[in-house]
Structures are given as C-alpha cells and as structure tokens.
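Q: Numbered per our numbering, the sequence shown spans residues 1387 to 1700.
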Amino acid sequence: MELRQRSNHNSLDVNDNPEEQKRLYYFHELDEWQQDNHYILSGYVKETSSYLNCLKSLTYIHNETGNIYSHFVPSVLVAVFVGNFVGWEMEKYNNDLRYWEKLNFTQFGFAATFCLALSALFHLFKCHSPSVCKFGNQCDYLGIIIMITCSLISIMLFAFYDIPNWRNFYVSLFLALGGICTIVTFNKKFSTPQYRPFRSLMFILFGLSGVLPVLTAVSIFGVESASERSKAGWLIAEGFFYIFGASLYAMRIPERFSHKESDNRLLENPVSGKFDLFGHSHQIFHVMVVIAAFCHWKALVGCFEYLHTHTLKP
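1) Out of HIS1457, LEU1438, SER1436 and SER1428, which has the shortest C-alpha to C-alpha gap to ILE1447?
2) If you pair each beta-carbon of the region 1563–1582 with each one of the region 1603–1617, do three or more pairs fall below 8 Å?
3) CB-CB under 6 Å to ALA1679, same chain, minus the five flanking residues each way: which ones, in chain order?
4) Could you say which of GLY1625, SER1613, HIS1672 and ASN1554 lies nearest to GLY1529 if we only look at CA atoms?
5) Less than 6 Å between the CB of ILE1539 and some heavy atom of the ligand ZN, yes or no?
6) Please go through the region 1611–1637 and give each complete alpha helix (DSSP H) segment of 4 or more residues, from N-terminal end onward.
7) Identify, in the order they occur along the chain, each residue of the same chain with its Cβ nearer than 7 Å to the Cβ of ILE1670, setting aside the five sequence neighbours on each side.
8) Out of curiosity, what's the CA-to-CA distance linking PHE1494 and ILE1549?
9) If you count every other CB in all the chains shown that lies within 10 Å of the CB of ALA1605, and 16 or more means buried, which is it?
10) Alpha carbon to alpha carbon, what distance is there between GLY1564 and SER1558?
11) Using the Cβ count rule (16 or more neighbours within 10 Å means buried), how would you classify ASN1551?
12) CB CYS1440 to CB PHE1521, shorter than 7 Å?
13) Can the beta-carbon of LEU1504 be found less than 7 Å from the beta-carbon of CYS1525?
14) By alpha-carbon positions, which one of LEU1410, ASN1423 and LEU1594 ends up nearest to GLU1363?
15) Measuring straight from C-alpha to C-alpha, what distance separates LEU1598 and GLY1469?
16) Since TRP1474 is in the alpha helix (DSSP H), which residue starts that stretch and which ends it?
17) Distance check for ILE1539 and LYS1442, CA to CA, integer angstroms please.
18) Suppose the cutoff is 7 Å on Cβ atoms and the five residues either side in sequence are ignored; what does the same chain contact list for TYR1435 look like?
19) Along the chain, where does the alpha helix (DSSP H) that runs through HIS1694 open and close?
20) So, with DSSP's three-state summary, where would you put TYR1556?
21) Consult DSSP for LEU1663 and reduce its assignment to one of helix, strand or coil.
22) Excluding the five sequence neighbours on either side, which residues of its own chain have a C-beta within less than 6 Å of the C-beta of TRP1620, listed in chain order?
23) Once the 5 residues before and after ALA1562 are set aside, which same chain residues still bring their CB inside 7 Å of it?
24) What separation, rounded to the nearest whole angstrom, lies between the Cα atoms of VAL1472 and VAL1466?
Given below as structure tokens:
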C-alpha cells in the first residue's frame, strides 16, 4: 500500500482515499496523549472517537497494523492448538490422566490466548480516545502479568510435584508478585511514556524470579536432574527471547537509529522513518513474546513427560 503526503494537509494519505478516517498522520500532528515514541515519525491513525472507525483501520496499513496482527493471529492459533492438545493429544501420553494435569495446560493456554488477544485489542482501539487508550494499555500489561504468572506456576506444578512444600511456596510467591505488579500497573503514572524503562524492568525482574525455583531444584536434585525435570534449556531460551524483546522495546531499537535527528514541524516536506510501519521495536517485542511462549510450551510438555516417565514411576 503506497503512502503519500497530501500537500493540503501535511499528513499521509492512503491510496488517495478521501475518507478522513483513512488519513495517516505524522508524530508532530498528534495530540500529546498519542505521542509515545518520537522515533516513529509517521503512519499514525489520529483520534477516531469511534469504535467502528478503529475497526475500519484493519482494512489499511498503518504503524499499528503489525502490532495488531502479530498477536491477534497467534492468539487464535494458541487457543485452537491448546484446545486440541488438551482434548485429544494428551491421551497419547497417558490414559490415566488426572484432571489437574489438563487444567494446568488449559490455564497456560488461556493465559497465552488472553495476553495476546488483549494486546491486539489494545493496539486496535488505542486510537479511539485518551480514556480508551489508557484503559487498554493497563489491560495490555495485565495480560502480560497473567501470562508470566501462569507460565511460572504451570512449570512448578509439574516439576515440583513431588516436593509439595516448595511447590506451594513458589506458587504463592508468584501469585503475590503478580498481584503486586497488577497494583502497580493500574497506578495512573505507570502508563506514561517516561515510565517505559521501569515497565520493562518490572516485567523482566518478575520473569527472572523463575530462576529461584530452579536454584532450589538444583540444591535438592543436583544440576543434571533439576535441568531435566524443569527442561531448563527451553526455559533459558524463553527468558532470552523475553529479555531481548523487552530490552529492544525499552531502548527503542532499531527505530532510534533509522534517521537523523530532525524536527518535522520545521520541514516543508516532513520525512518518514525507515521502521515507521514495520520492523520497529514494539513489533519485534511482539514476535519475541510469541517465540518465548512457544519455548515455554515445549518446556511444559517436557515437564509433563518427565512427570510420567520419572517422578510418578514406582
């Protein structure tokens, strides 16, 4: 889709479509509440004050298109895949499954689907109004918190099945940390742009708290056994992708290096950034989250298999 500047509006237009809602804007043309990443220079959908017009933005390309579809499509796929696994595939591993085992996979599948869906909805409707954007942003972070909490707990229920005291302790700890992060998330100041590094750090530290039970397992079972029962290789890969994506998001890489510093308000012909529409840090973060979720799934299935081939074996 070709994006061109309209001389009479100093904004971007989509396929010369005269409809106002399809015009795309430069960063400096936005109201302050929409100005989040000044390294993304163009491709913005301005405030619509209409849910219908937000939905119509799905029909053309703008700088949130990648953010929407990179999580909407995986959310649907995760729901279908996990539903199929719990409904049919698990029986191939063991015909005598307990209800909590299926529930454990289900809660992770729900958390992943919920997280990705909330993210997609936030990016779709964030151009509606300041209040909708703020609430959507908080829900987006809530989805991340639920995802991290359920991910950590899901591993604990399988890997620490035979050490209930430690299992219950860490499940309680992760629930408490998730609750604290939720309270912080719904603090008014938290969603402002200047808190971007703090947001990233909070989620990184929450995720890294998963190292604690691994160290506990090592002290009890030894490195080799602890690594095998927790599928540490997949968990390390998961952590890498989360941290890598969150770090790029916090530092706004690569878009911060895609153009020379300039003030579009002073330019007769405003410029666009190389990563305005696709390839900017938020989209990369989205992709890293999906890859990390896949790594966690592999770890969870591995822990489930270990439970039935080692822990529960007489």
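Heads up, the beta-carbon is just placed ideally off N, CA and C, and yes, glycines get one too.
A: Judging by the given coordinates:
1) SER1428
2) no
3) ALA1498
4) HIS1672
5) With respect to small molecules bound, the structure shown includes none, and the ligand ZN cannot be examined in it.
6) 1618–1637
7) GLY1631 and LEU1634
8) 21 Å
9) The identity of residue 1605 in the sequence shown is Ser, whereas the question assumes Ala. It counts as exposed.
10) 10 Å
11) exposed
12) no
13) yes
14) Residue 1363 lies beyond the residue range present for the chain, which begins at 1387 and ends at 1700; the question has no answer from this structure.
15) 31 Å
16) Careful: TRP1474 lies outside any alpha helix (DSSP H) and carries neither H nor E.
17) 39 Å
18) One point to set straight first is that residue 1435 is Ser, not Tyr, in the sequence displayed. Result list for SER1435: HIS1514 and SER1515, in chain order.
19) That residue, HIS1694, is in no alpha helix (DSSP H); it is neither H nor E in DSSP.
20) helix
21) coil
22) CYS1681, LYS1684 and ALA1685
23) none
24) 10 Å
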